[in-house]
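Participant:
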Amino acid sequence: MRILIANDDGYLAPGLLALVKACEGLGQIDVIAPEQNASGTSNSLTLGRPLSVYTATNGFRYVNGTPSDCVHVALTGLLGYKPDLVLSGINNGANMGDDTLYSGTVAAATEGYLFGIPSIAFSQVDKGWGQLDAAAAMARSLVEQVIAGGLNEAFLLNVNIPNHADAISLPRCITRLGRRHASEAVIRQLNPRGETIYWIGPAGDAREAGEGTDFYATANGSVSVTPLQVDLTHHAGLPVWANRLGLPL
Ligand SMILES: Nc1nc2c(ncn2[C@@H]2O[C@H](COP(=O)(O)O)[C@@H](O)[C@H]2O)c(=O)[nH]1
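Residue 33 is where the sequence shown starts when you use the numbering used here, and the numbers rise one by one after that.
#1: My guess is that G249 and D131 are in contact by the Cβ rule of under 8 angstroms, so how many angstroms apart are they, rounded?
#2: If Y230 sits next to R239, beta carbons under 8 angstroms apart, how far is it from one beta carbon to the other, in whole angstroms?
#3: Check the C-beta distance from T78 over to A139 and give it rounded, since I have them as a contact under 8 angstroms.
#4: If G181 and Q156 are in contact, beta carbons under 8 angstroms, what's the gap, nearest whole angstrom?
#5: Does T245 pass the burial test, meaning 16 or more other C-beta atoms within 10 Å, or should it be called exposed?
#6: Checking the sheet assignment: what are the DSSP bridge partners for C205?
#7: Could you spell out where the alpha helix (DSSP H) holding Y113 opens and where it closes?
#8: With DSSP run on the structure shown, which of helix, strand or coil describes Q163?
#9: Quick check: the stretch 46–60 against the stretch 97–108, are at least 3 beta-carbon pairs closer than 8 angstroms?
#10: Just how far apart, CA to CA, sit S201 and E67?
#11: Can you list, in chain order, the stretches of the alpha helix (DSSP H) that have 4 or more residues and sit fully within the stretch 60–91?
#12: Beta-carbon separation of G278 and F247 under 8 angstroms?
#13: To which residues does DSSP link S120 through a beta bridge?
#14: By the DSSP assignment, the alpha helix (DSSP H) with A54 in it spans what residues?
#15: Rounded to the nearest angstrom, what separates L119 and F154 at their Cα positions?
#16: Please confirm whether any heavy atom of ligand 2 lies closer than 7 angstroms to the CB of V105.
#17: Could you give the uninterrupted runs of the beta strand (DSSP E) lying entirely in the stretch 200–252, keeping only those of 3 residues or more?
#18: Going by C-alpha distance, which of Q261, L281 and Q60 is nearest L270?
#19: Just curious, the beta strand (DSSP E) that V95 is in, first and last residue?
#20: Pop quiz: L36 and D62 are said to be a contact at Cβ under 8 angstroms. What is the actual Cβ separation, rounded to whole angstroms?
#21: What residue range is occupied by the uninterrupted beta strand (DSSP E) comprising L270?
#22: Cβ of N75 within 7 angstroms of any heavy atom in ligand 1?
#23: Under a Cβ-count criterion, where at least 16 other Cβ atoms within 10 Å of its own Cβ denotes burial, should T258 be classed as buried or exposed?
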């Protein structure tokens, strides 16, 4: 078993180390993570400049790029082999609903999935790393369960873990993504030069958080496991637009 582990909070993030330590003994583990926190970078690749890969004293490799860069470089030559599993996280904060479109954590796992590798993104619901080791133990438990079921076909799972001392014992729910309200207003400030600067505002509150969603599961003390896909086609819209534009389907 060979496992590639990445994240988006950076190679020094506690969530990455906790996940790596929790997975010890499952097989060969390679870590390739961003040099800096790359939260919110989604699936971006760095195309306008070269990337450099460094090795930390603990053996973790880190890249001056995005989470997708890390996994992409790993799978297109750096590793020299195709891992059996790609893991990403444990993220400092939730990746539920619309978050998954912006998330670097989910993007790193998505990159593995795009290369035909079973991949899982892990996030803790609350920021601050509270009960992190418990989350890591839960992540290992799920990884073991997934491995036992077979890794013959690629899949992409998005897992959100409540910050709980006994996370491994929490119920696990298969969920769909909920939806958030649009992000809060942008935050305007003046920099020392008197220029207006803008900070992205906080994420919107959950809007679609009904039973069956990731928001609902985690709000009710369960670990949320959401299978994701990358086909963005609006299949139900195909006949609608064929008709609207008078085109054959
Ligand atoms: N609009 C905002 N969205 C935020 C903020 N903090 C987090 N987020 C969302 O969550 C994910 C975090 O995932 P990561 O894997 O990228 O760390 C992020 O991508 C956003 O979607 C915020 O302050 N404002």
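Here a beta-carbon is modelled for each residue, glycine too, at the ideal position from N, C-alpha and C.
Facilitator: With the structure as the only source:
#1: It should be noted that the sequence gives Ala, not Gly, for residue 249. Rounded, the Cβ-Cβ distance is 15 angstroms, inconsistent with contact.
#2: No, Y230 and R239 are not in contact; Cβ-Cβ is about 24 angstroms, not under 8 angstroms.
#3: At roughly 13 angstroms, the Cβ-Cβ gap does not stay under 8 angstroms, so T78 and A139 are not in contact.
#4: Actually they do not touch by this definition, with Cβ atoms about 24 angstroms apart.
#5: buried
#6: S256
#7: Run containing Y113: none; DSSP gives neither H nor E here.
#8: coil
#9: no
#10: 33 angstroms
#11: none
#12: no
#13: A38 and A153
#14: P46 to A54
#15: 8 angstroms
#16: With respect to small molecules bound, the structure shown includes ligand 1 and not ligand 2.
#17: 204–206, 219–222, 228–231 and 238–240
#18: L281
#19: R93 to V95
#20: 5 angstroms
#21: Counting along the chain, L270 falls outside any beta strand (DSSP E), though it belongs to the alpha helix (DSSP H) covering G269 to R276.
#22: no
#23: buried
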